[in-house]
Structures are given as C-alpha cells and as structure tokens.
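Notes to accompany the following structure.
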Amino acid sequence: MKRLLLVLVIAGVVGGDFRLRAAARNQDKTQGVQESQSERDARMAWWRDARFGMFIHWGLYAVPAGDYNGKRTKEIGEWIMSWANIPRAQYEQFAPRFDPEKFDAAEWVRTAKDAGMKYIVITSKHHDGFSMFDSAVTRYDIVDATPFKKDPMRALADECKRQGLKFAFYYSIMDWHHPSQYVDAPDKDPTAGNGQTKMREGKKPEYVEYMKAQLKELVTKYDPAVLWFDGEWVDWWTEEDGQDLYNYVRSLKPGILINNRVGKGRKGMEGLNKSDRVYAGDFGTPEQQIPASGLPGVDWESCMTMNDTWGFKSYDDNWKSSERLIRNLVDIVSKGGNYLLNVGPTAEGLIPAPSVERLGAIGQWMKVNSEAIYGTTASPFTTQLTWGRATRKGNTVYLHVFEWPSDATLKVPSLGAKPASASLLGGESNLKIDTDADGFTIKLPTAPVNPIASVIKVQLS
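The sequence shown lines up with residues 112 to 572 when you count with the numbering used here.
Printed below as a string of structure tokens:
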C-alpha cells in the first residue's frame with residue numbers, strides 16, 4: 112500500500128493568512144511522501160463539514176468517581192491515579208469492580224446523534240494504561256480484567272456505522288501502567304500516576320512496539336475515522352517519534368485523520384502549533400478554550416467539558432448552562448473550528464443525566480439551525496459582531512443573534528456584496544432589508560425565535 116504522509120503547521124498564521132502550501136514546500140524530507148492540497152482537502156472534507164462531535168472519557172477511573180480513601184479533590188476525575196498517588200497494583204483493583212451492565216451502545220450513539228453531533232471520539236486507553244477494548248497484546252483490558260467481559264468499543268463502532276456517525280479513538284502516549292515507565296517525583300510512588308513519567312533505560316523501543324501493536328488493533332479491527340493522541344508532553348517523546356507514529360498510522364489507513372498531539376508541536380492548552388517548523392498532525396487541539404479570533408485555513412477543534420472534569424466525578428456539579436454550550440458551538444464554528452464536547456459516563460455505563468439534558472437542549476436548537484453549522488466556514492466579518500456571531504456557506508451568510516436588538520432593527524456591517532434576501536430560520540421569511548454606505552439593516556420581529564441564538568439567513572446577490 113502506498114504510504115501517504117501529511118505533516119502541517121497548524122498555527123503558521125501570518126497577517127491572518129495560513130501559509131499551507133509554503134509549509135508543504137518547506138517540508139522536512141524525513142516527513143515522507145508529500146500529500147497534495149486536493150488530497151488533503153478530500154481527506155479532511157467530512158471533518159470540516161461535521162463541525163460538532165462528542166468526546167467520551169470512560170475508564171477504570173469511573174469506579175472511584177473522584178473519591179479515594181475518603182479523599183476528594185478539585186482535580187479532574189481521570190487523573191485520580193496521579194493526584195491520589197495510587198500505586199499501580201492498587202489501581203488495578205478497580206478492574207474487578209468495573210461492570211457497566213447498563214451500558215447501551217445504541218443509546219449512547221442516539222444521544223450524540225439527537226444532539227446534532229456527527230462523530231464520536233472515545234478513550235481506548237487513557238494515561239492509566241487500561242485498555243477499553245479487547246486487546247491481544249495485554250490482559251489489562253476490559254474483556255480480560257473486568258467482570259463485564261465484553262468489548263464496548265466493538266459495540267460502539269458497529270452502532271456508529273448503523274446510525275451514520277463517524278467513530279474515532281483517543282489514545283494516550285503516556286502510560287502509567289506499562290513497566291517501561293516510572294515516576295520520579297517528591298513524595299510520589301514510583302508506580303503511581305504523574306504528569307511526567309520517566310522512561311527506563313533501553314525500554315523505549317519495547318514500549319513503542321507495544322503502542323504500535325495496539326494502534327494496529329484499533330485501526331484494523333474498528334476502522335476509526337480519527338486517532339486522537341494525548342500525553343505527548345513527556346520528556347522522552349520527541350517530534351521525530353511523533354512523525355514516525357503519524358506515518359505508521361497513515362500506512363495502516365491512509366485516509367485517517369490524526370491530531371497534532373501525536374508530536375511535539377502544540378503550544379500547551381492553546382492547542383495550536385508552534386511556527387518554528389513543520390510538525391506532525393492534521394488539526395490543532397485547543398483545550399477548554401476557544402481562540403480569540405478566526406484562523407483562516409487552519410483546521411482546529413476545541414475540546415471542552417460540560418462541568419469541570421473529563422472522566423466521571425460524582426460530586427462535580429458545576430455544570431455549564433445549555434445557553435453557554437450552544438453559544439460555544441456557534442462561537443467555535445464562527446471562527447472556523449470544530450466543537451468536541453465531552454461526556455464522562457459512570458462505572459455503570461450511563462451518561463450522566465445533566466449531560467443528557469444539555470445535549471437534548473442543543474439538539475432542539477440544532478433541529479432548527481443546523482444548516483448554519485454543518486459545512487459552514489468562518490465569519491466573513493473582520494471583527495467580532497457585538498450582538499452575536501456569523502457563519503458562511505458560499506453566498507449565504509448566517510447571522511447568529513445572541514443579543515436581540517431592543518428596537519428590532521439589526522445593524523450589519525458591509526459584506527462586500529449586496530444582500531438579496533433575509534429570513535429567520537424557524538421564523539419569518541422576507542425580512543425587510545435597507546442598505547447604506549456602512550452596510551445594511553434588517554427589520555426583525557419584536558421577539559427572537561430562540562433567546563439563546565436566533566439565526567438570520569442572508570442570501571447575497
């Protein structure tokens with residue numbers, strides 16, 4: 112099979128312009144065969160059209176649910192092996208207690224689909240090293256080590272195919288369970304979790320071989336559309352390692368998408384790449400934040416939680432409102448990005464009710480307004496709109512109004528083309544338009560269709 116390889120700079124922005132072709136021309140020869148722009152566009156097409164996906168953090172950490180020996184913390188749930196300093200052998204004891212009998216793959220996928228999500232990314236192996244799929248290269252997995260004895264990843268992959276969603280995997284490069292790695296930090300057990308693991312001398316090739324064997328299983332058995340890496344910040348992982356892993360995964364499935372956390376390019380939680388060289392990965396990964404402005408030509412995806420944790424934590428009730436989540440979606444898409452919104456299922460296999468409720472509210476909004484999200488590009492306006500956001504699809508501009516004008520007259524900056532018509536999605540058509548030198552105004556009804564975000568569809572001449 113011909114090996115294809117694309118490595119791009121996610122944040123090479125110069126004066127708002129992304130120099131993709133220039134980056135490709137300057138590509139380091141170690142990166143492999145260069146992919147043409149048309150080939151890349153074809154590979155990225157479904158992801159750019161989707162705009163909205165579900166992140167799922169699910170693993171053994173759902174058993175303690177943020178509580179270890181009576182100790183609770185504000186730290187995130189899936190990092191309990193680190194912040195509670197749990198030795199490897201003790202953490203393994205959560206496996207016999209993990210029996211998600213209420214897990215229903217069809218219900219999970221239906222919940223995502225009804226919310227308007229187009230793809231699902233789920234943790235196949237988080238930092239704790241536990242495999243949530245049936246792996247032949249370890250017995251530390253959900254089939255061999257838990258009373259559940261079934262493969263939920265198989266069920267989810269099949270169900271996504273049945274219901275028409277793309278299925279994808281998260282995979283951690285850092286591994287707190289693998290014997291190649293250990294902790295060397297004050298007051299920390301050497302076999303516990305930690306933000307920085309050390310690699311035992313001479314053991315890195317063995318671990319990379321282990322990872323590649325698992326990744327081959329994931330790609331060949333479940334056919335994921337995306338591999339979403341994490342944990343790449345450890346000192347022993349290099350950009351060259353990332354390029355090799357990117358190349359390897361693309362050799363297994365040339366059309367797969369891979370995030371920029373496969374290598375060392377991203378700038379922390381900002382998620383976009385440094386601009387000093389070409390780095391591995393197809394898209395940037397801002398975490399718990401949204402870039403301040405649009406990034407033309409840059410593929411990026413903001414991953415965000417509904418409360419404060421990724422993995423389930425029983426006492427985290429700091430839920431974001433449906434209004435904030437819907438406006439986050441609009442804000443992200445208006446800047447040219449995707450929104451990957453997280454749920455953290457329980458050890459029983461249930462998506463928490465507050466998450467389901469909020470996804471339902473998003474779904475109701477999407478039923479009316481999804482055409483202003485799917486397949487759209489960033490706002491055509493050079494500055495942020497004071498009353499909301501905008502998305503674009505060819506000669507159609509969608510105005511997402513957060514703050515309904517008290518005089519029912521919406522002032523819109525010039526678009527460089529004359530507006531031919533305006534209508535409210537889910538509301539009145541043939542809204543009156545008046546143009547002037549600064550732009551145009553649209554006469555609106557006195558009340559919005561939706562107080563969170565009402566969408567006006569403007570057709571340009």
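Just so it is clear, CB atoms sit at the ideal spot from N, CA and C, and this is done for glycine as well.
Check, Outcome
"Segment limits, alpha helix (DSSP H) that includes residue 216", "216-225"
"Member of 378, 333, 373 whose CA lies at the smallest distance from the CA of residue 351", "373"
"For residue 401 and residue 557, the rounded distance between their alpha carbons", "32 angstroms"
"Runs of beta strand (DSSP E) wholly within the stretch 316-377 (minimum 3 residues, chain order)", "337-341"
"Residue closest to residue 356, alpha-carbon to alpha-carbon, out of 156, 452, 326, 505", "326"
"Nearest-angstrom Cα separation, counted from residue 273 out to residue 335", "14 angstroms"
"Straight-line gap, residue 453 to residue 447 (C-alpha atoms, nearest Å)", "20 angstroms"
"First and last residue of the uninterrupted alpha helix (DSSP H) at residue 434", "433-445"
"Contacting residues, own chain, Cβ-Cβ under 8 angstroms from residue 252 (five flanking each side not counted)", "241, 242, 243, 244, 245, 246"
"Residue 243 - DSSP class collapsed to helix/strand/coil", "coil"
"Whether residue 358 touches residue 396 by CB criterion (9 angstroms)", "no"
"Cβ-based neighbour list, residue 337, same chain, cut-off 8 angstroms, excluding 5 preceding and 5 following", "158, 230, 232, 277, 279, 280, 367, 368, 369, 370"
"Local Cβ density within 10 Å of residue 490, reported as buried at 16 or more and exposed below that", "buried"
"Residue nearest to residue 315 in terms of C-alpha spacing, selected from 384, 348, 488", "348"
"Per-residue DSSP class, three states only, for residue 554", "strand"
"Beta-ladder partner(s) of residue 292, from DSSP", "310"
"Where residue 152 sits in the DSSP three-state scheme", "helix"
"For residue 160, the three-state DSSP class (helix, strand or coil)", "helix"
"Separation of residue 570 from residue 187, as counted between CA atoms", "45 angstroms"
"Simplified DSSP state of residue 165, which is helix, strand or coil", "strand"
"Spatial neighbours of residue 59 in its chain, beta-carbon cut-off 8 angstroms, leaving aside the 5 residues before and after", "Only positions 112 to 572 of the chain appear in the structure, and residue 59 is not among them; the question remains open."
"Inter-residue spacing [alpha-carbon to alpha-carbon] between residue 130 and residue 152", "Reliability fails at residue 130, whose pLDDT of 31 lies under 50, so the model's placement of it is uncertain and the value that follows must be treated cautiously. Taking the straight line from one Cα to the other gives about 15 angstroms."
"Straight-line gap, residue 168 to residue 536 (C-alpha atoms, nearest Å)", "34 angstroms"
"Exposed unless 16 or more other CB atoms sit within 10 angstroms - verdict on residue 250", "exposed"
"Cα-Cα separation, residue 478 to residue 228", "11 angstroms"
"Cβ-based neighbour list, residue 238, same chain, cut-off 6 angstroms, excluding 5 preceding and 5 following", "283, 285, 287, 342"
"Check whether residue 509 and residue 519 have beta carbons under 9 angstroms apart", "no"
"Residue span of the alpha helix (DSSP H) that contains residue 480, given as start and end", "464-480"
"Three-state secondary structure assigned by DSSP to residue 277", "strand"
"Limits of the unbroken alpha helix (DSSP H) element including residue 548", "Neither: residue 548 is in no alpha helix (DSSP H) and is coded neither H nor E."
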